[in-house]
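For reference, the structure discussed in these notes is given below.
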Amino acid sequence: MPLFGRRRHTTTTTRRTHHTTTGRTGFFHRKDPNRRAAGLRAALANPHTTHDGRKRAEAELHSMGRSAHVPITTKIKRTLGIRSSPRNHRRANYRY
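Heads up: take any position in the sequence shown, counting from 1, add 2, and you land on the numbering used here.
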């Protein structure tokens, strides 16, 4: 085995660890349009969402026939980086 040579990678078959819902038509495997719209509205209000992501979410909401209105207060909070609820910072309590 050469020290700095190339290694040959052998391909191994990997097992799936999760199940996909493609092709399933049962009652519990349908996407709820209300929950999907709520997620898209949350993406519009999220300060970490990119401009392109907001545009896609807005277009998707319009294609669903839903309103993509974001209140002016949300836009101001997003611009200034203000969270609607304060986050508690964990303090490290070290005991020696």
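C-beta atoms are modelled at their ideal positions from N, C-alpha and C, and glycine is treated no differently.
Under 8 Å between C-beta atoms of residue i and residue j
i, j, result
"residue 45", "residue 32", "no"
"residue 40", "residue 66", "no"
Own chain residues within Cβ distance below 6 Å of residue i, not counting five before or after
i, result
"residue 59", "42, 45, 46"
"residue 80", "49"
"residue 68", "39"
"residue 51", "45"
Close-in-space but distant-in-sequence residues of the same chain around residue i (CB under 7 Å, 5 per side omitted)
i, result
"residue 83", "49"
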